[in-house]
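Everything below concerns the one structure shown next.
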Amino acid sequence: MTYKRIDTPAQPMRFISGIAVDDNDRYHAYVSFSSYDAYTPGQPGHIFEVRYNPATTAATWTNLSYDIGDQPVTDVEYDSASSDLYAATDFGALRLVKGGTSWIPAATGLPPVAVYDLTLADGKHSADRVLYAATHGRSIWRTELPKSRDRDAWRERRPSGLLSCATPAPGVPASRASRCARCVPAGRRLRRLGQR
């Protein structure tokens, strides 16, 4: 096995914070970069679509940052069912609708706090489609995604609330920790957020 470098000098020379591969096309992925454009003014951008061509062994990078602003993007998640893209930022989780050029909040109800990790439970093992967001100091949140490609369904979605697993911290009621059983389908292990 051999790794081959596929980036170009046009990409920011900053920390790569996330990679999301399209479930339907192994040569199609999204890459997020942390830090600020000010540190790499000649290579701006925080989120890129990457298409690899195995015939030429080259990749095409397209900047999808649009109006996201000059802020670190800490993770990226791609929904192969809807073709929507999600970004974790210092001010919450954002969504780029397929074909869109404007980032919007992923859902209502999430506090304006840094989100460091996103994981999409895509319904392969259950009927649920859930986006989890791991925050800095405000625990883990979830929102149910539409079961269809109907984007209007988003208007009625609300985060399902705090997901607390494991032993509660001192001063945290045990009832909050017991929510885990209701959030994760029986017999299913909640993997570390961001792990594939």
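Heads up, the sequence shown is in this note's numbering, so the first residue is 436 and it goes up one at a time. Note that the Cβ used here is the ideal one computed from N, Cα and C, for glycine as well. Keep in mind it's a predicted model, so treat the numbers as computed, not measured.
In angstroms, rounded to a whole number, what distance separates the CA positions of Trp538 and Leu529? Along the sequence shown, read from residue 1 onward, the residue named residue 538 stands at position 103. Along the sequence shown, read from residue 1 onward, the residue named residue 529 stands at position 94. Approximately 6 Å between the Cα atoms of the pair.
Quick check: the Cα distance between Thr543 and Thr491, rounded to an integer number of angstroms? By one-based count along the sequence shown, residue 543 stands at place 108. By one-based count along the sequence shown, residue 491 stands at place 56. Taking the straight line from one Cα to the other gives about 43 Å.
By the three-class DSSP mapping on this structure, what secondary structure does Tyr465 have? For the purposes of this step, residue 465 is taken as residue 30 along the sequence shown, with counting starting at 1. Looking at Tyr465 - three-state DSSP - the assignment turns out to be strand.
Residue of Ser517, Tyr521, His463 and Val508 minimising C-alpha distance to Thr497: Sequence index remark: in the sequence shown, residue 497 carries index 62 (1-based). Of Ser517, Tyr521, His463 and Val508, the residue nearest in Cα terms is His463.
I'd like to know whether the C-beta atoms of Val508 and Ser574 end up nearer to each other than 8 Å. Reading the sequence shown from its first residue, position 73 is the one you call residue 508. Reading the sequence shown from its first residue, position 139 is the one you call residue 574. Taking 8 Å as the Cβ cut-off, Val508 and Ser574 do not qualify as a contacting pair.
Strand pairing of Ile503, partner residues [DSSP]: Stepping through the sequence shown from its first residue, residue 503 is reached at position 68. Its beta-bridge partners do not exist; DSSP assigns none.
Residue burial classification, Pro476 (beta-carbon count within 10 angstroms, cutoff 16): For the purposes of this step, residue 476 is taken as residue 41 along the sequence shown, with counting starting at 1. The residue in question, Pro476, is exposed, as its Cβ has fewer than 16 Cβ neighbours within 10 Å.
Three-state secondary structure (DSSP) of Asp563: The residue given as residue 563 occupies position 128 in the sequence shown. The answer is coil: DSSP assigns Asp563 none of H, G, I, E or B.
Which class does Asp514 belong to by DSSP, given the choice of helix, strand or coil? Here residue 514 refers to the residue found at position 79 when the sequence shown is read from its first residue. Strand at Asp514.
Best match in Leu555, Arg440 and Gly504 for proximity to Ala455 [C-alpha to C-alpha]: The count along the sequence shown starts at 1 and reaches residue 455 at position 20. The shortest Cα separation from Ala455 among Leu555, Arg440 and Gly504 belongs to Leu555.
Just the Cα atoms here: how many angstroms apart are Glu421 and Asp557? No statement about residue 421 is possible, as the shown extent of the chain runs from 436 to 631 and does not include it.
Within its chain, find whatever has a CB closer than 6 Å to the CB of Met448; leave out the 5 residues flanking it on each side and keep chain order. Sequence index remark: in the sequence shown, residue 448 carries index 13 (1-based). Within the same chain, Met448 has close Cβ partners Thr475.
Indicate whether Asp510 and Asp552 have their beta-carbon atoms separated by less than 8 Å. Taking the sequence shown and counting its residues from 1, the one referred to as residue 510 is at position 75. Taking the sequence shown and counting its residues from 1, the one referred to as residue 552 is at position 117. It is a contact, given that the beta carbons lie within the stated cut-off.
What whole-angstrom Cβ distance do Thr570 and Val548 have, given they're in contact under 8 Å? Within the sequence shown, numbered from 1, the residue matching residue 570 stands at position 135. Within the sequence shown, numbered from 1, the residue matching residue 548 stands at position 113. Confirmed, Cβ separation roughly 5 Å.
On the three-state DSSP scale, how would you describe Ala542? Position 107 of the sequence shown holds residue 542. Coil, per DSSP.
Report the rounded CA-to-CA distance for His535 versus Ser500, giving the unit in angstroms. Your numbering for residue 535 matches position 100 in the sequence shown. Your numbering for residue 500 matches position 65 in the sequence shown. Here residue 535 turns out to be Gly, not His, going by the sequence shown. Whole-angstrom Cα-Cα distance: 11 Å.
Taking C-alpha atoms, which residue in Tyr521, Asp472 and Arg577 lies nearest to Gly504? Sequence index remark: in the sequence shown, residue 504 carries index 69 (1-based). Ranking Tyr521, Asp472 and Arg577 by Cα distance to Gly504 puts Asp472 first.
Here's a check: name, in chain order, each residue in its chain whose Cβ is nearer than 8 Å to the Cβ of Ser470, leaving out the five neighbours to either side. Sequence index remark: in the sequence shown, residue 470 carries index 35 (1-based). Counting only Cβ-Cβ distances below 8 Å, and skipping sequence neighbours, we find Pro447, Arg449, Phe450 and Pro507.
For Val532 and Ala493, I'd like the C-alpha separation in whole angstroms. Your numbering for residue 532 matches position 97 in the sequence shown. Your numbering for residue 493 matches position 58 in the sequence shown. Val532 and Ala493: Cα-Cα distance of roughly 27 Å.
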